[in-house]
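Residue numbers (my numbering): -15 to 94.
Report on the structure given below.
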DNA sequence: TCATTGGCTATCA
DNA sequence: CTGATAGCCAATG
């Protein structure tokens, strides 16, 4: 085992954070897709934990991560904040869900 | 070991 | 279509 910097996080969290950073602006991903990409499709909940436990909120675009059905899910800084950011990126939102969500969905390995 | 969690799927109104 | 509800499952602390 190599020694890791303090900024490096343990397995799952680190993977999640790294993967989220791969999501370009104007696109969104889901916890489930992330989990599947990491190899644990059922670990979607842990993805959320990792995102909320991120080392730096500004560094991780957690606002680009939403639920599988397009609902915003949750956000440390408040759902309104997340909504606002997504709209700013060009995502249309109705209520607490994304319109044409699949259209903005970013898939890993594709 | 237990409790917690920013979820997922399925089902119903 | 939207929303509300019920089980499930896996990592973190």
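Note that the Cβ used here is the ideal one computed from N, Cα and C, for glycine as well.
Problem - Top-ranked residue by Cα proximity to residue 12, from 73, 24 and 34 - result: Working through the first chain from its first residue, we reach residue 12 at position 28. For residue 12, the nearest C-alpha among the options comes from 73.
Practice task
Measure the alpha-carbon distance for residue 94 versus residue 18 and round it to whole angstroms.
Solution key: Taking the first residue of the first chain as position 1, residue 94 is located at position 110. Taking the first residue of the first chain as position 1, residue 18 is located at position 34. Roughly 13 Å between the two C-alpha positions.
Problem - Whole-angstrom distance between residue -1 and residue 23, CA atom to CA atom - result: In the first chain, counting from the first residue as 1, residue 23 sits at position 39. In the first chain, counting from the first residue as 1, residue -1 sits at position 15. Their backbone Cα atoms lie some 11 Å apart in a straight line.
Problem - Nearest to residue 60 (by Cα), restricted to the options 53, 42 and 54 - result: Position 76 of the first chain, counted from the first residue, corresponds to residue 60. Measuring from the Cα of residue 60, the nearest candidate turns out to be 42.
Problem - Identity of the residue in 45, 80, 66 and 54 nearest residue 9 by Cα - result: Here residue 9 refers to the residue found at position 25 of the first chain. Measuring from the Cα of residue 9, the nearest candidate turns out to be 45.
Practice task
For my contact list, residue 55 and residue 84 are in at a C-beta cut-off of 8 Å; report their separation, rounded to the angstrom.
Solution key: Within the first chain, numbered from 1, the residue matching residue 55 stands at position 71. Within the first chain, numbered from 1, the residue matching residue 84 stands at position 100. Not really, about 14 Å apart at Cβ, beyond 8 Å.
Exercise for the section: Work out the CA separation of residue 6 and residue 20 for me, nearest whole Å. Expected result: Mapped onto the first chain, residue 20 falls at position 36. Mapped onto the first chain, residue 6 falls at position 22. Approximately 15 Å, taken between the alpha carbons.
Practice task
Just the C-alpha distance for residue 30 and residue 48, rounded to the nearest angstrom, thanks.
Solution key: Position 46 of the first chain, counted from the start, is the residue given in the question as residue 30. Position 64 of the first chain, counted from the start, is the residue given in the question as residue 48. Distance between the alpha carbons of residue 30 and residue 48: 16 Å.
Exercise for the section: Quick one: give me the first and last residue of the alpha helix (DSSP H) that residue 3 is part of. Expected result: Residue mapping note: residue 3 aligns to position 19 of the first chain, counting from 1. Per DSSP, residue 3 belongs to the alpha helix (DSSP H) from -5 to 5.
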